[in-house]
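Peer 1: Take this structure first; my questions come after.
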Amino acid sequence: MSFSLSELQQKFPNMYPSSFVTHNDAAFWLDHKGDRNQLVVLAREGNPLRDQFQGERSPFQPGYAVVVCATNHANARALRNALAWLTPKPIGLATSAGTGDRLGLATPGHVRAFNAVGGNIVPIFAQQSIREMQRTGRSADDVMTDATFGTFEAGWRKLVGADADHLKVPEDIDTCVAAGFSFYTIDPGAHVDSEADTASPTVIHQKVAVLPWKDLASTAADFEKRYAGQKVQLETCTVQIDSEAALRAAVKYGKAIAHVAMMYRHLVAKNIPFELEVSVDETETPTTHAEHIIVVSELKRLNVQWVSLAPRYIGRFEKGVDYIGDPSTSSGQALAAFEKDFAVHAEIARKYGPYKLSIHSGSDKFSVYPITMEQTRGLVHLKTAGTSYLEALRTIAAFDPAFFRKLYVFGREHYESDRVSYHVSAQLERAPKPEDVKDVDLPSLLNQFDAREIFHVTFGSVLTTKKSDGKFLFYDDFMAILRAHPDAYAANLEAHFIKHLKPFAT
1 MSFSLSELQQ KFPNMYPSSF VTHNDAAFWL DHKGDRNQLV VLAREGNPLR DQFQGERSPF
61 QPGYAVVVCA TNHANARALR NALAWLTPKP IGLATSAGTG DRLGLATPGH VRAFNAVGGN
121 IVPIFAQQSI REMQRTGRSA DDVMTDATFG TFEAGWRKLV GADADHLKVP EDIDTCVAAG
181 FSFYTIDPGA HVDSEADTAS PTVIHQKVAV LPWKDLASTA ADFEKRYAGQ KVQLETCTVQ
241 IDSEAALRAA VKYGKAIAHV AMMYRHLVAK NIPFELEVSV DETETPTTHA EHIIVVSELK
301 RLNVQWVSLA PRYIGRFEKG VDYIGDPSTS SGQALAAFEK DFAVHAEIAR KYGPYKLSIH
361 SGSDKFSVYP ITMEQTRGLV HLKTAGTSYL EALRTIAAFD PAFFRKLYVF GREHYESDRV
421 SYHVSAQLER APKPEDVKDV DLPSLLNQFD AREIFHVTFG SVLTTKKSDG KFLFYDDFMA
481 ILRAHPDAYA ANLEAHFIKH LKPFAT
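Using the working numbering, read the sequence shown as starting at 1 and increasing by one per residue.
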């Protein structure tokens, strides 16, 4: 390719220079036209790469032609085929972080943060749960396409993964495999029996008897024999499992283990490169060390292979706020208790793996990041999502305070109904009333605990509610503001995510 970047910039002044790359005798870059981006491919006449893209073809110079393409699913897939580093791949045991993007505009800011911190942390830019997709009206293809073009725009040319998060049924897997995801998080939470912690011994034995032992390739008697009386020696302590603890673990997680094994086999049958995460974080009670040992031992016995596990840790991992420990103790005591408990989970992960421990609802948990990195020795995966939406709101507050105020009023009105599926503790009466907040102080609402959680859990209603005429109440204006100020949004994301990533980028 004989054309230089400076030469092409003269002809395409709206090019994103960071996106420009030459590969296989073709040049690729992203260009912006108005508030939308378009992909440009420059290649010799007859170069088969050019024919993979759908767009408007025109001559450029003798022997060369350009194709100007929409940033749609088909062209995203063609771009991943042409530039292999854009294709998500399994990332193994590397320290990693997922930066979920509910709007499809955040990836350039995420890339800037990863570049700023350096280190060996591997990004997962395409990360979205099925619940998030449903609440934002996006598809798995939308998530993958937006992340592909965002990664390309910002010039990231190293390894990336793509996390199909919180998958509950085989059909979820089918959808995400078709879109090209590489990392599959199985969520068997609906199959966890939280009554196991408090049920009477009689009820426990009744529940044990009706567990899906055929699916577990075992019997109740064999299960009890495997674990009752076991003493597991770890690096710094011994975990003892008595008969009662074993049977309660069977009741609590037996159906969930069977479900994970079924989902894993369904995924294996797809015959694609993938890695698996097992998530039991969205349960009513913490995962004990004995339960952790039993769950992973059973998964191994059933030939399930996974790269990361998300237990339910002690304390509260609420959305978009820092870690919350036992309210009867000081913050220092709460963090010490978390570290003591987490350290044993990390020892279990090393003994039975190694595999990574995953930190779900990981946004803004600044106080525990150093603990998780140190205790896992880097075998950790961080998941964030909602905090990028909150930085979008911060950007909107700076450029359109009146619109931001409307979003806050709306969020307060919908908080009680929208909070049902979340573990949050914000109270409306503790959040500032809209009429008491001056325009200049509106961004500070994103730093107030209750207002922050209100904004966080009402994202779906904000983005999808429509007026009586069928038009969106907020979505179009919301996105227009962000598209008009992409650098400001990216800068806010970069600053915020540097704080997230620094503890992990060693």
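Built from N, CA and C at the ideal position, the CB exists for glycine as well.
How far does the alpha helix (DSSP H) with glycine 150 in it extend, from its first residue to its last?
Peer 2: From DSSP, the alpha helix (DSSP H) with glycine 150 extends over 140-154.
Peer 1: Is the distance from the Cβ of arginine 80 to the Cβ of threonine 136 below 7 angstroms?
Peer 2: Cβ atoms of arginine 80 and threonine 136: not closer than 7 angstroms.
Peer 1: Ignore the nearest five residues each way along the sequence and tell me which others in proline 201's own chain have a CB closer than 8 angstroms to its CB.
Peer 2: Correct list, in chain order: Glu244.
Peer 1: Please determine if the segment 434-447 and the segment 476-487 are in contact, where contact requires at least 3 C-beta pairs separated by less than 8 angstroms.
Peer 2: Short answer: they don't touch.
Peer 1: Going by CA-CA distance only, name the one from Val66, Glu391 and Pro59 that's closest to glutamine 38.
Peer 2: The option with the nearest alpha carbon to glutamine 38 is Val66.
Peer 1: For a minimum of 3 consecutive residues, which ranges assigned as the beta strand (DSSP E) are wholly contained in the segment 269-295?
Peer 2: Runs of the beta strand (DSSP E) inside the segment 269-295: 275-279.
Peer 1: Please determine, among Glu275, Val210 and Glu298, the residue with the shortest C-alpha to C-alpha distance to alanine 94.
Peer 2: Comparing Cα positions, the closest option is Glu275.
Peer 1: Compare the Cα-Cα distances from leucine 267 to each of Val177, Asp187 and Thr107 and report the closest residue.
Peer 2: Nearest option by C-alpha distance: Val177.
Peer 1: Assuming threonine 376 contacts lysine 356 under a Cβ cut-off of 8 angstroms, what Cβ separation, rounded to an integer in Å, is found between them?
Peer 2: About 7 angstroms; that satisfies the 8 angstroms criterion.
Peer 1: Quick check on arginine 44: does DSSP put it in helix, strand or coil?
Peer 2: DSSP places arginine 44 in strand when its eight states are reduced to three.
Peer 1: In terms of alpha-carbon separation, which member of Thr384, Glu347 and Ser331 lies closest to isoleucine 359?
Peer 2: When each option's Cα is compared against that of isoleucine 359, the closest is Thr384.
Peer 1: Can you list, in chain order, the residues of its chain with a C-beta nearer than 6 angstroms to that of threonine 464? Leave out the 5 residues immediately preceding and following it.
Peer 2: Here the set comprises Gly137.
Peer 1: By Cβ distance below 8 angstroms, which residues in the same chain neighbour isoleucine 121 in space, the five residues on each side in sequence not counted?
Peer 2: Excluding residues within five positions, the ones whose Cβ falls inside 8 angstroms are Ala94, Thr95, Ser96, Ala97, Phe114, Leu501, Phe504 and Ala505.
Peer 1: Given 8 angstroms as the limit, is there contact between the segment 70-87 and the segment 443-460, that is, 3 or more CB pairs closer than that?
Peer 2: Not touching, per the Cβ criterion.
Peer 1: How about alanine 76 and threonine 148: do their beta carbons lie closer than 7 angstroms?
Peer 2: Against a cut-off of 7 angstroms, the Cβ pair of threonine 148 and alanine 76 comes out as a contact.
Peer 1: Applying the 10 Å Cβ sphere with the 16-neighbour rule, what's the burial state of valine 40?
Peer 2: Burial call: buried.
Peer 1: Please list, in chain order, all residues of the same chain as aspartate 152 whose beta carbon is under 7 angstroms from its beta carbon, the five residues on each side excluded.
Peer 2: Strictly speaking, residue 152 in this sequence is phenylalanine, with aspartate absent from that position. Within the same chain, phenylalanine 152 has close Cβ partners Ser19, Leu30, Leu79 and Leu86.
Peer 1: Along the chain, where does the beta strand (DSSP E) containing cysteine 69 start, and where does it finish?
Peer 2: Where cysteine 69 is concerned, the enclosing beta strand (DSSP E) stretches over 64-70.
Peer 1: Report yes or no: do the segment 247-257 and the segment 203-211 share at least 3 C-beta pairs separated by less than 8 angstroms?
Peer 2: With a cut-off of 8 angstroms, the segment 203-211 and the segment 247-257 count as touching, because enough Cβ pairs lie within range.
Peer 1: Measuring only the C-alpha atoms, how far is leucine 428 from tyrosine 227?
Peer 2: Using only the alpha carbons, I get a separation of about 47 angstroms.
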